[in-house]
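Asks: The C-terminal residue of the sequence shown carries number 268 in numbering that gives the first Met the number 0, and the numbering is unbroken.
Ideal Cβ positions, reconstructed from N, Cα and C, are used throughout, including at glycine.
The structure under discussion is supplied below as structure tokens; questions concerning it will follow.
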Amino acid sequence: MENSPHKQRIATSAVLAILPALALFFQGWVLFAVLALFSVLTLWEFYSMFRPVQSMTAFKALGAACTFLLMWAYTTNDLRYPAITMALAFWASAMIFLLRYNKDVAASYRHAAIFLAGLFYIPLNLHFFLQYNRFEILLVLGAAVVSDTAAFYAGTLFGKRKIWPRISPKKSWAGSIGGLCACTAATLVWGLIFGLPDVAWWKWLLLGAALNVAAQFGDFFESALKRSLDIKDSGVILPGHGGLLDRVDSLLFVTPCYGLISMFQPFFA
């Protein structure tokens with residue numbers, strides 16, 4: 000008897016939770032290795048969305064190398080190294096374009112631009128996990144998961160009016176509001192238990208609302224990207240979920256959102 004898509008989603012989510020949990024427990028090089036490997040696989044999937052795939056082959060290998068360099072660069076706590084890595088990535092993409100243009104004057108810079116966009120979209124956003132402590136990592140992961148899960152069930156049970164049908168036909172106002180309420184409540188509870196005692200309760204509410212808005216826009220962005228490329232899923236690696244990017248699209252916006260806000264208002268010691 001085949002598993003239902005719903006059961007597949009739950010099983011896949013459970014498996015996906017194991018790796019971050021182990022990485023959080025061990026920290027150090029284990030966290031670095033898990034995060035770098037996950038970033039490479041997600042980036043590879045992102046590049047594969049743009050057809051023809053053969054034209055992205057050189058950029059896939061280069062993207063994997065740049066991802067590990069970027070992750071390592073941020074562990075040094077020296078901002079010069081990430082900047083140098085991105086500069087090297089740009090120079091490499093420019094050289095590949097020049098070589099291709101030399102062979103064919105019809106060659107486009109499009110795939111070089113996609114290569115650079117992928118580095119900003121995935122490893123550059125995920126690197127924040129290397130700078131957050133355990134409570135911050137769990138907050139960010141929880142905000143993304145709670146937002147997606149609550150939106151799914153609220154939309155399934157009560158969703159009638161669509162929030163943005165041209166971008167994502169299945170998402171409803173009920174799902175959006177349900178995700179917002181759940182994320183805000185979860186952030187408040189987590190903050191009052193583990194956060195700095197001098198942070199006012201209403202700041203946790205605002206933080207939860209901001210993280211949820213970021214999560215929703217991350218979801219909308221990937222939906223629009225897939226529709227523009229005329230594909231249903233970013234990949235097939237995750238049963239019940241599609242691809243890795245389908246699973247972490249909201250997280251890629253939540254992570255830098257928290258990083259930006261926490262620069263002005265620290266929430267954890």
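1) Going by alpha carbons, who is nearest to PHE119 out of ALA143, THR84, ASP147?
2) Tell me which same chain residues have a C-beta within less than 8 Å of the C-beta of PHE89, skipping the five on either side of it?
3) Put LYS169 into one of helix, strand or coil per three-state DSSP.
4) Got a sec? Which residues, its chain only, sit under 6 Å from MET0 by beta carbon, not counting five neighbours each side?
5) Could you give the distance in angstroms between the alpha-carbon of HIS126 and the alpha-carbon of ILE136?
6) Among PHE134, ILE166, LEU68, which one has its Cα closest to the Cα of PHE193?
7) Would you kindly work out how many angstroms separate the C-alpha atoms of ARG246 and ASN101, rounded to a whole number?
8) Please list, in chain order, all residues of the same chain as SER249 whose beta carbon is under 8 Å from its beta carbon, the five residues on each side excluded.
9) Could you check if GLY158 is buried or exposed, using at least 16 other CB atoms within 10 Å of its CB as the buried criterion?
10) Which residues does DSSP pair with LYS161 in a beta bridge?
11) My output table needs one value for GLY178: the three-state DSSP class, helix, strand or coil.
12) To which residues of the same chain is GLY117 closer than 7 Å at the C-beta, ignoring the five residues directly before and after it?
13) What are the start and end residues of the alpha helix (DSSP H) that includes LYS231?
14) Output needed for ASP232: all residues of its chain with C-beta closer than 6 Å, excluding positions within five of it in sequence on either side, in chain order.
15) Alpha helix (DSSP H) containing ARG50: first to last residue?
16) When you compare only the Cα positions, how much space is there between ALA199 and LEU138?
17) Under 8 Å by Cβ, that's how I've got ILE260 and ALA209 pegged, so tell me the actual separation to the nearest angstrom.
18) What residue from SER167, SER171, VAL104 has the CA that sits closest to ILE230's CA?
Replies: Working from what's here:
1) Walking along the sequence shown from the start, residue 119 turns up at place 120. Considering only alpha carbons, the answer is THR84.
2) Translated into positions along the sequence shown, residue 89 becomes position 90. Within the same chain, PHE89 has close Cβ partners LEU115.
3) Counting from one through the sequence shown, the residue named residue 169 turns up at place 170. Of the three classes helix, strand and coil, the one that applies to LYS169 here is coil, per DSSP.
4) Taking the sequence shown and counting its residues from 1, one reaches residue 0 at position 1. Caution applies to MET0, whose pLDDT of 41 falls short of 50 and renders its modelled position unreliable; the model cannot decide the point.
5) For the purposes of this step, residue 126 is taken as residue 127 along the sequence shown, with counting starting at 1. For the purposes of this step, residue 136 is taken as residue 137 along the sequence shown, with counting starting at 1. Those two C-alpha atoms are separated by around 11 Å.
6) By one-based count along the sequence shown, residue 193 stands at place 194. Among PHE134, ILE166, LEU68, the Cα nearest to that of PHE193 belongs to PHE134.
7) Along the sequence shown, read from residue 1 onward, the residue named residue 246 stands at position 247. Along the sequence shown, read from residue 1 onward, the residue named residue 101 stands at position 102. Those two C-alpha atoms are separated by around 39 Å.
8) By one-based count along the sequence shown, residue 249 stands at place 250. Excluding residues within five positions, the ones whose Cβ falls inside 8 Å are ALA143, SER146, ASP147, ALA213, ALA214, GLN215, GLY217, ASP218.
9) In the sequence shown, the residue the question calls residue 158 occupies position 159. Classification of GLY158: buried, given that the 10 Å Cβ count is 16 or more.
10) Stepping through the sequence shown from its first residue, residue 161 is reached at position 162. According to DSSP, which records beta bridges pairwise, LYS161 is partnered with SER171.
11) Here residue 178 corresponds to residue number 179 of the sequence shown, with the count starting at 1. Here GLY178 sits in helix by DSSP.
12) Stepping through the sequence shown from its first residue, residue 117 is reached at position 118. Cβ within range, chain order: LEU42, PHE45, TYR46, GLY62.
13) Counting from 1 along the sequence shown, the entry for residue 231 is found at position 232. It is not in any alpha helix (DSSP H) - LYS231 carries neither H nor E in the DSSP assignment.
14) As a working mapping, residue 232 is identified with position 233 in the sequence shown. Answer for ASP232: GLY241, GLY242, ASP245, listed in chain order.
15) Position 51 of the sequence shown, counting from 1, holds the residue named residue 50. From DSSP, ARG50 is part of no alpha helix (DSSP H); its letter is neither H nor E.
16) On the sequence shown, position 200 is the one that residue 199 refers to. On the sequence shown, position 139 is the one that residue 138 refers to. Going by the C-alpha atoms only, they are around 17 Å apart.
17) Translated into the one-based positions of the sequence shown, residue 260 becomes position 261. Translated into the one-based positions of the sequence shown, residue 209 becomes position 210. Contact flag correct, Cβ pair sits at about 6 Å.
18) Position 231 of the sequence shown, counted from the start, is the residue given in the question as residue 230. Ranking SER167, SER171, VAL104 by Cα distance to ILE230 puts SER167 first.
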